[in-house]
Amino acid sequence: MEETMKRITVKLFAYFRDNRFKLEEREISEETTVGDIVDALGIDRQEVGVLMVNSRHTEFVYRPAAGDVLAIFPVVGGG
Amino acid sequence: MADKIFRVNMTNLTSTIEEVPPAWAGYGGRGLTSTIVSAEVEPTCHPLGPKNKLVIAPGLLSGTVAANSGRLSIGAKSPLTGTIKEANSGGTAAQLLARAGVKALIIEGQPKGDTWYSLAVTPEGVTVNEETELIGKGNFAVVDALTKRTGGKQGLITIGPAGEMKMGGANISIKDPDGGLRSSGRGGLGAVLGSKKIKFIAIDPKDGKVAIADPEKFREANKVFAKALVDHPVSQALGQYGTNVLVNIINESGGLPTQNFSKGQFAGHEAISGETMHDTILARGGRIKHNCHPGCVIQCSQVFNDAAGNKLTSGFEYESIWAMGADCCVDNLDHIAQADKLMDDIGVDTIETSVAFGVAMEAGVLAFGDGAGVCRILQEDIAKGTPLGRIIGNGAGSVGRAFGITRVPVVKNQAIPAYDPRAIKGIGITYATSTQGADHTMGYTIATNILGVGGKLDPLTKEGQVELSRNLQIATAAIDSTGMCLFIAFAALDNATCLPALIDLINAKYGLSLTGDDVVNLGKYILRTERAFNTAAGFTSADDRLPEFFYLEPLPPHNVVFDFTGKEIDTFWNF
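Chains as they are written, first to last, in our numbering: chain B, 1 to 79; chain H, 1 to 575.
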């Protein structure tokens with residue numbers, strides 16, 4: 001059976017950009033979760049502070065839909 | 001040496017040293033400034049008249065080697081808000097005042113003539129001196145001249161021309177270890193010092209040291225405390241990117257106020273972000289890390305150089321960069337840095353003044369995005385006190401009234417900072433209920449609403465936001481009394497060893513046996529004391545509201561309004 005692929009946008013921030021990228025379009029499979037994407041990028045899940053899809057907070061288990069914009073941040077703060 | 005109350009009367013130019021009244025003994029920092037202002041200032045007085053008092057107090061742990069304990073509290077009735085005010089700052093003054101044996105410095109009265117003065121604080125007392133040379137000068141010229149006059153080691157508290165002109169946006173500057181400036185920014189306290197005709201306060205502790213009741217216990221507690229701070233990932237990110245790491249994440253959340261609070265995302269966010277700033281500092285040979293006071297282990301400050309490699313500004317903070325950047329649509333970090341330096345020199349709050357520029361842009365005084373125009377108006381109008389300069393220098397509310405603008409982001413006439421309350425609802429509760437006008441640091445719900453520190457709470461729902469803001473405001477009031485930087489809160493929210501170690505530090509210094517409950521009760525006491533002052537000054541729950549446009553104008557991209565009823569907001573005070 002041919003797998004349906006979905007195109008999404010992945011954005012990285014702070015030191016997650018080092019040796020990776022700021023913004024990239026990716027093809028993902030139907031089953032792919034946010035956690036899978038983080039793992040594939042070689043990012044330690046423990047270091048992830050905030051995940052957003054389309055400007056809303058999300059979790060590792062979420063499966064992005066076609067056209068989603070996923071933003072991955074390390075633990076950061078300020079104020 | 002035993003701490004004392006140092007009191008200066010500017011009506012007759014005398015000073016005294018007094019024993020600490022028993023009722024004040026347990027307080028420091030904000031707890032002490034708010035206690036003294038409440039006890040001694042008539043709530044209905046004119047903030048710039050002879051009845052207001054400016055109270056300067058180091059925190060309970062300032063002057064010790066406890067990590068991050070060098071924060072200073074300055075309190076008074078605010079000329080900007082008309083409420084009680086405490087503005088908190090780094091720099092070296094808190095540590096040096098504590099070492100000079102000053103529990104609090106109270107400045108009262110008002111001289112009649114046009115003569116300006118300076119104060120010299122030593123363990124022996126306060127001397128009032130006439131000052132002529134530095135009147136009208138910017139803060140950096142004051143620091144340079146006094147470094148030559150008195151040596152570089154003294155602590156220094158100064159006002160710029162804005163404070164002399166008693167503008168509502170005037171701040172008080174505190175010298176940092178490298179001759180840079182930190183600011184007690186909010187609420188126009190520079191105008192109060194200016195109304196007392198004091199240009200600067202020099203602090204020389206001589207060989208004064210702070211007494212520790214149980215040095216061994218203190219050392220042990222400090223080890224645990226410092227480790228909790230250093231180990232927390234937020235501390236590490238603050239060291240690398242500074243507070244400006246927030247531009248991109250707040251933008252992504254849709255809560256970055258843009259173009260005078262008409263949008264929640266800024267197209268130019270990447271150009272002004274912490275990541276871009278970090279790379280720019282590296283490329284130009286600035287400093288990524290810098291401490292605003294000795295003993296800070298987080299080092300969120302930095303030195304930002306211009307393209308030629310010369311220092312442009314330091315302590316370049318997210319809220320300043322957001323305000324001059326996204327809110328004014330300026331996407332040029334060099335213009336923002338130049339404006340930041342000018343505001344530090346003139347002595348105006350970067351948040352209040354930049355938000356005022358955003359309102360002025362909406363009024364057509366200059367175009368959105370005109371960073372060069374902002375720098376020009378700062379130099380030619382605000383620094384010189386032209387009518388336009390005074391309108392902007394008196395803050396965002398002043399500009400809105402002068403030009404008939406309705407989208408004026410203020411609460412109790414103080415500009416709303418860096419986080420839109422429509423898209424991040426918890427911070428809206430803080431802005432509305434704060435005893436001091438809109439101020440993110442009073443109860444930083446961003447930690448939990450956006451950053452996932454201290455738990456998670458969806459920023460777009462109403463549920464739980466009042467309780468979150470209440471708990472944070474209580475905790476913050478207590479932390480602001482210790483002399484600790486508020487950034488210890490990230491570690492305290494997540495690491496179970498942090499807060500007990502902080503309480504151990506206080507107990508070891510004073511020979512006490514305080515518990516966590518005592519700290520919570522201290523926070524509640526401070527909030528109630530401040531609110532009682534405001535009530536006596538004429539404020540009611542009707543003042544604990546956001547401006548109307550937040551209820552009427554949906555904010556893109558989430559297209560949400562602020563939707564708490566007055567009754568819901570008022571439940572904040574149910575404690």
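Just so it is clear, CB atoms sit at the ideal spot from N, CA and C, and this is done for glycine as well. No experiment lies behind these values; they were computed from the predicted model shown.
Worksheet item: Does the pairing of the segment 120-139 of chain H with the segment 349-357 of chain H give three or more beta-carbon distances under 8 angstroms?
Response: no
Discussion item. Quick check on this structure: which residue in H/Ile569, H/Pro554, H/Phe533 has the alpha carbon closest to the alpha carbon of valine 41 of chain H?
Written reply: H/Phe533
Discussion item. Suppose you measure from the CA of isoleucine 28 of chain B to the CA of leucine 41 of chain B; what does that come to, to the nearest Å?
Written reply: 13 angstroms
Fill in: Contacts of aspartate 331 of chain H in chain B (Cβ-Cβ under 7 angstroms)
Those do not exist, as aspartate 331 of chain H stays about 16 angstroms from chain B at its closest Cβ, beyond 7 angstroms.
Practice prompt. Compare the Cα-Cα distances from glycine 194 of chain H to each of H/Ala367, H/Ala307, H/Ser173, H/Ser469 and report the closest residue.
Written response: H/Ser173
Discussion item. Can you look up serine 55 of chain B in the DSSP assignment and give me helix, strand or coil?
Written reply: coil
Worksheet entry | Cross-chain neighbours of glutamate 352 of chain H in chain B, by beta carbon under 7 angstroms | Going along chain B, no residue has its Cβ under 7 angstroms from glutamate 352 of chain H, so there is no contact; the nearest lies around 17 angstroms.
Worksheet item: Taking three-plus beta-carbon pairs below 8 angstroms as touching, is the segment 398-406 of chain H in contact with the segment 530-544 of chain H?
Response: no
Fill in: Straight-line gap, glutamine 436 of chain H to glutamate 463 of chain H (C-alpha atoms, nearest Å)
24 angstroms
Fill in: phenylalanine 6 of chain H: first and last residue of the uninterrupted beta strand (DSSP E) it sits in
4-9
Practice prompt. Taking 8 angstroms as the threshold, find out whether the segment 417-427 of chain H comes into contact with the segment 366-382 of chain H through three or more Cβ pairs.
Written response: no
Worksheet item: Of the residues H/Gln465, H/Ile450, H/Lys412, H/Ala447, which one's Cα is nearest the Cα of aspartate 439 of chain H?
Response: H/Lys412
Item to complete: Give the range of the beta strand (DSSP E) segment to which arginine 470 of chain H is assigned.
Response: Counting along the chain, arginine 470 of chain H falls outside any beta strand (DSSP E), though it belongs to the alpha helix (DSSP H) covering 465-482.
Worksheet item: Across which residues does DSSP place glutamate 548 of chain H in a beta bridge pair?
Response: Beta-bridge pairing links glutamate 548 of chain H to no other residue.
Fill in: Whole-Å CB distance - leucine 546 of chain H paired with tyrosine 431 of chain H, under 8 angstroms assumed
6 angstroms
Worksheet item: What is the C-beta distance between threonine 158 of chain H and asparagine 139 of chain H, in whole angstroms, given that I count them as a contact (C-beta under 8 angstroms)?
Response: 5 angstroms
Discussion item. Which residues of the segment 47-58 of chain B have a Cβ closer than 7 angstroms to any Cβ of chain H? Give them in chain order.
Written reply: Gly49, Val50, Met52, Ser55, His57
Item to complete: Taking only beta-carbon positions, decide if glycine 35 of chain B is within less than 9 angstroms of chain H.
Response: no
Worksheet item: How about valine 34 of chain B and leucine 451 of chain H: are their beta carbons less than 9 angstroms apart?
Response: no
Worksheet entry | Residues sharing a beta bridge with glycine 125 of chain H, DSSP | H/Thr122
Worksheet entry | Pick from H/Leu527, H/Phe562, H/Leu505 that is closest to isoleucine 212 of chain H, judged by C-alpha positions | H/Leu505
Worksheet item: Quick check: the segment 105-113 of chain H against the segment 332-342 of chain H, are there 3 or more CB pairs under 8 angstroms?
Response: no
Practice prompt. Kindly indicate which residue of H/Glu86, H/Phe266, H/Thr127, H/Glu216 has the alpha-carbon position closest to the one of glycine 28 of chain H.
Written response: H/Glu86
Worksheet item: Which residues in the same chain have their Cβ closer than 7 angstroms to the Cβ of glycine 550 of chain H, if we skip the five residues on either side of it in sequence?
Response: What sits at residue 550 of chain H in the sequence shown is phenylalanine, not glycine. Closer than 7 angstroms at the Cβ level, and outside the excluded window around phenylalanine 550 of chain H, lie Pro421, Arg422, Val561, Phe562.
Discussion item. Does the CB of valine 76 of chain B have a neighbour CB from chain H at under 9 angstroms?
Written reply: yes
Discussion item. Measuring only the C-alpha atoms, how far is serine 398 of chain H from alanine 367 of chain H?
Written reply: 19 angstroms
Item to complete: Have a look at valine 121 of chain H and alanine 104 of chain H and give me their C-alpha separation to the nearest angstrom.
Response: 12 angstroms
Worksheet entry | Validate contact between the segment 32-52 of chain H and the segment 69-86 of chain H using beta carbons, cut 8 angstroms, 3 pairs | yes
Worksheet item: According to the Cβ coordinates, are leucine 156 of chain H and isoleucine 106 of chain H closer than 9 angstroms?
Response: no
Discussion item. If we define contact as Cβ-Cβ less than 9 angstroms, is asparagine 244 of chain H a contact residue for chain B?
Written reply: yes
Item to complete: Could you name the residues that DSSP lists as bridge partners for alanine 447 of chain H?
Response: Paired residue(s): none; alanine 447 of chain H is not in a bridge.
Worksheet item: Does glutamate 124 of chain H get closer than 9 angstroms to chain B when you measure Cβ to Cβ?
Response: no
Worksheet item: Residues of chain A with CB under 9 angstroms from alanine 14 of chain B, in chain order?
Response: In summary, chain A is missing from the structure at hand, where the protein chains are B and H.
Worksheet item: Which one of H/Ala475, H/Glu317, H/Asn507, H/Pro58 has the shortest CA to CA distance from lysine 524 of chain H?
Response: H/Ala475
Discussion item. Please classify leucine 552 of chain H as buried or exposed, where buried requires at least 16 neighbouring CB atoms within 10 angstroms.
Written reply: exposed
Worksheet item: Of all the residues that make up the segment 489-504 of chain H, which are near chain B by a beta-carbon distance shorter than 7 angstroms?
Response: Phe490
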